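A.B. asks: Just so you know, we're using the UniProt record's numbering here: the first sequence kicks off at 1 and counts up by one. No residue lacks a Cβ here, since even glycine has one placed at the ideal position from N, Cα and C. Model, not experiment: these values are computed from the prediction.
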Amino acid sequence: MHACTVMTTSLRNIIARHNPVALIDSSLCNSNCNASVALARVRQIHAHLLVQGLLYDSLLFHRFIASVALLSANDNGISSTSSHHHHLLLLLYSHRLLDHSPHPPNAFVLNSLIRAHSKVPDLENAFRFYRRLLRSLSPDRFTFTFLVSACARGSTSTTAGAAVHAAALRRGFASNPHVHSALIRMYVEFGLPNAARLIYAEVQNPDIVSRTAMLGALAAAGEIDLARELFDCMPSRDPIAWNAMIAGYSQLGRSKEALELFSSMQSEGLRVSEATLVSVLSACAHMGALDQGKWVHAYMKRNMLHVTVMLGTALVEMYSKCGDVERAMDVFWRMQEKNVYTWSSAMSGLVINGAGNECLGLFGLMKDHGVPPNGVTFVSVLRGCSVAGLVEEGRRHFDSMRDQYGIEPWHEHYGCMVDLYGRAGRLDDAVDFINSMPIEPHAGAWGALLNACKIHRSIELGEYAMKKMVEIESTNDGAYVLLSNIYAESRMWGGVNDVRESMKAKGVKKEPGCSVIEVDGEIHEFFVGDKSHPRYREIEVMLQVMSKRLRLAGYTAKTKESGCSNAAINSWAPQLKS
DNA sequence: TTAGGGTTAG
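1. Do V309 and T276 have their C-beta atoms within less than 8 Å of each other?
2. In this structure, how does DSSP classify M417 when only helix, strand and coil are distinguished?
3. Return yes when the Cβ of A69 is within less than 8 Å of the Cβ of A116, no when it is not.
4. Could you pull out every residue in the same chain whose Cβ sits closer than 8 Å to the Cβ of S250, ignoring the five residues on either side in sequence?
5. Nearest-angstrom Cα distance between I439 and G354?
6. Which residue's Cα is closest to the Cα of R334: L270, L311, N435?
7. Label Y56 either buried or exposed according to how many other C-beta atoms from any shown protein chain fall within 10 Å of its C-beta, with 16 as the threshold for buried.
8. To the nearest whole angstrom, what separates the beta carbons of L97 and I65, a pair I think is in contact under 8 Å?
9. At 4 residues or longer, and completely inside the UniProt repeat "PPR" (339 to 373): list those alpha helix (DSSP H) runs for me, N to C.
10. Counting C-beta neighbours from all protein chains within 10 Å, is the total for G191 16 or more, i.e. buried, or is it exposed?
11. With distance defined between alpha-carbon atoms, name the residue in M492, A443, I455, S490 nearest to M469.
12. Can you tell me where the alpha helix (DSSP H) holding W446 begins and where it ends?
13. Jot down the residue ranges of each uninterrupted alpha helix (DSSP H) in the segment 477 to 504, minimum 4 residues, whole runs only, in chain order.
14. To the nearest angstrom, how far is it from the Cα of D432 to the Cα of E408?
15. Can you tell me the Cα-Cα spacing of Y464 and V203, whole angstroms?
16. Exposed or buried, N243, counting other C-beta atoms within 10 Å across all chains shown (16 or more means buried)?
17. Roughly how many angstroms lie between the CA atoms of L110 and H103, to the nearest whole one?
18. Quick check: the Cα distance between M366 and P372, rounded to an integer number of angstroms?
19. Can the beta-carbon of V381 be found closer than 8 Å to that of L420?
20. Could you tell me the distance, in whole angstroms, from the CA atom of I240 to the CA atom of I208?
21. At a cut of 8 Å, does the segment 150 to 159 reach the segment 170 to 181 through at least three beta carbon pairs?
22. Classify S344: buried if its beta carbon has 16 or more other beta carbons within 10 angstroms, exposed otherwise.
23. Assign I455 to buried or exposed, taking buried as 16 or more other Cβ atoms, counted over all protein chains shown, within 10 Å of its Cβ.
24. Based on Cα-Cα distance, which residue from R535, P206, G422, I434 lies nearest to P235?
25. Starting from the C-beta of A164, find all residues in its chain whose C-beta is less than 6 Å away, skip the five residues before and the five after it, and write them out in chain order.
In structure tokens, the structure reads:
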């Protein structure tokens, strides 16, 4: 090890004597090392530059500062707490270099520092360097690109972003293509897609990047059909534009169109990137398209694509949502690197497939691996306890959220606790829990109680929960259906009628249920009462056969909301083919 | 010497 170090060091010295810039580049910028190794190299190079007297060269010094700052913006393995710590140390190092620099900073250095802080994001420091720049220099197109992206990533209020936008306008940089697209992105991030539209309209002939950013804005606003028009009119489309469109469909639940677009993308022979596959897998997960999902997985293997954390997580998600929890866990265990998303997806996959104890077991392992859980993880933990009927353990986990992990429980967690008590038949505890909540109970908490009342046939409490729920969310069709079912199960037909009347009076409509399956890559949708499928007659006959077989096997249908899962329907799908 | 758009979990 020693000999090796000595050799590389002397080699570097030789290079450095001739070209110190090459040393900085090759050791820092072009290397793929983690933050802690990078920090050690920074110290080495700093010492070297100092000893050689090279820091008197202002260009070189500035380049060194910029490299150190930008090194911290590389997100190589930033997943762990310790690497995050080293990234911060790199940033601090760049601050100190600037503070002790004998040369007045130029725009390049300050821009680089703003950029580095835009990635953390650390708005306070980004603006500190911006103000420093304003003192003696003029901000340029780079400054605004970085500052806008800092605001997009790190702003909780829109004020700072709007101020930067105003400054960019005043200085004539708002129509620079880079600043322009960053501004669109920023307003989308602020939840102001209409502001993004105004900015988009201000430029005569936007380039592909601004068009793609606008595509994202329209999808964010739910205007997916307008987005499609924009997409179709684009003079050229690169893989990122395709991804934006596919992701838009996927996020809005228009999975069928997402998959259709994916196949058009393929027929145009375009390169398929990780982002595309993640969106496609997410669309498959959403609609339970196991065959398509398997095809994507096979595609990845065929093309020897590396299963990154994101792709692996998307695969786990897809398999478990399609009901194939064995394959989901197989992918999970094979993954080299797992983050909190991966663990949470696997846990939720187990719990939605009824494996509460396994979900809790995985939670234990996750903690053993030193991955800190977050709020989403705890939703699965609490649901796991609910499924497994572990009331006290659930309570302990709930309390540990705040006490051990500093996570303030969300409405969802309170809802899970009500569900936990309610399912276990402890309706009084559920009510006490709601009454002792430090935040105003949301409709979901009362909904969980209502559901528990349905399971345990508690009519009076159910009526009360319903009343509370309607007070908060008067148009929640699910609540009416649940209460109606409570009455129906107790053969209180008058109550059923009352519910129907009050739904009519309040204008509440039951959304038609929809089921989607995929056979041989073709997507079939069925709405309640919908007879438009070309093979409707055959399907109806098959359903009768299936119900008969199920009854013979001892299955009795419960109530309407306990429908067949997509996975169960998919297992019958082959019979539809013939 | 520094840039912008798409991508995961309840």
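C.D. replies: Reading off the structure:
1. Your numbering for residue 309 matches position 309 in the first sequence. Your numbering for residue 276 matches position 276 in the first sequence. No, Cβ-Cβ distance for V309 and T276 is not below 8 Å.
2. Within the first sequence, residue 417 is the residue found at index 417, counting from 1. Here M417 carries a helix assignment [DSSP, helix/strand/coil].
3. Taking the first residue of the first sequence as position 1, residue 116 is located at position 116. Taking the first residue of the first sequence as position 1, residue 69 is located at position 69. Against a cut-off of 8 Å, the Cβ pair of A69 and A116 comes out as a contact.
4. Counted from its first residue, the first sequence places residue 250 at position 250. Counting only Cβ-Cβ distances below 8 Å, and skipping sequence neighbours, we find A258, S279, V280, S282, A283, H286.
5. Start at 1 with the first residue of the first sequence, and residue 439 comes out as number 439. Start at 1 with the first residue of the first sequence, and residue 354 comes out as number 354. Between the alpha carbons of I439 and G354 lies a distance of about 30 Å.
6. Along the first sequence, read from residue 1 onward, the residue named residue 334 stands at position 334. Looking from the CA of R334, the closest CA among L270, L311, N435 belongs to L311.
7. In the first sequence, the residue the question calls residue 56 occupies position 56. It is exposed - the Cβ of Y56 has fewer than 16 other Cβ atoms within 10 Å.
8. For the purposes of this step, residue 97 is taken as residue 97 along the first sequence, with counting starting at 1. For the purposes of this step, residue 65 is taken as residue 65 along the first sequence, with counting starting at 1. Contact flag correct, Cβ pair sits at about 5 Å.
9. Counting only runs of 4+ residues, the alpha helix (DSSP H) found wholly inside the UniProt repeat "PPR" (339 to 373) occupies 340 to 352, 356 to 368, in chain order.
10. Locating residue 191 in the first sequence gives position 191, where the first residue counts as 1. Per the 10 Å Cβ criterion, exposed.
11. On the first sequence, residue 469 is found 469 positions in, with the first residue counted as 1. The option with the nearest alpha carbon to M469 is A443.
12. Position 446 of the first sequence, counting from 1, holds the residue named residue 446. Segment 443 to 455, the alpha helix (DSSP H) holding W446.
13. Listed in chain order, the alpha helix (DSSP H) runs fully inside the segment 477 to 504 are 477 to 489, counting runs of at least 4 residues.
14. Stepping through the first sequence from its first residue, residue 432 is reached at position 432. Stepping through the first sequence from its first residue, residue 408 is reached at position 408. Looking at the backbone, the Cα of D432 and that of E408 are separated by about 20 Å.
15. Mapped onto the first sequence, residue 464 falls at position 464. Mapped onto the first sequence, residue 203 falls at position 203. The straight-line gap separating the alpha-carbon atoms of Y464 and V203 is approximately 57 Å.
16. The count along the first sequence starts at 1 and reaches residue 243 at position 243. Buried: at least 16 other Cβ atoms inside 10 Å.
17. Taking the first sequence and counting its residues from 1, one reaches residue 110 at position 110. Taking the first sequence and counting its residues from 1, one reaches residue 103 at position 103. Taking the straight line joining both Cα atoms gives about 13 Å.
18. Here residue 366 refers to the residue found at position 366 when the first sequence is read from its first residue. Here residue 372 refers to the residue found at position 372 when the first sequence is read from its first residue. Going by the C-alpha atoms only, they are around 8 Å apart.
19. Your numbering for residue 381 matches position 381 in the first sequence. Your numbering for residue 420 matches position 420 in the first sequence. The answer is no: Cβ separation not under 8 Å.
20. Taking the first residue of the first sequence as 1, we reach residue 240 at position 240. Taking the first residue of the first sequence as 1, we reach residue 208 at position 208. Distance between the alpha carbons of I240 and I208: 10 Å.
21. The segment 150 to 159, when compared against the segment 170 to 181, does not touch it at the 8 Å Cβ threshold.
22. Indexing the first sequence from 1 puts residue 344 at position 344. With 16 or more other CB atoms across the displayed protein chains lying within 10 angstroms of its CB, S344 is buried.
23. Here residue 455 refers to the residue found at position 455 of the first sequence. I455 is exposed by the Cβ-count criterion.
24. Residue numbering aside, residue 235 sits at position 235 when the first sequence is read from its first letter. Just measuring C-alpha positions, the residue of R535, P206, G422, I434 sitting nearest P235 is P206.
25. As a working mapping, residue 164 is identified with position 164 in the first sequence. Before going on, a small fix: residue 164 reads as Val here, not Ala. Here V164 has L147, V148, C151 as same chain residues with Cβ atoms under 6 Å from its own Cβ, once five neighbours each way along the sequence are excluded.
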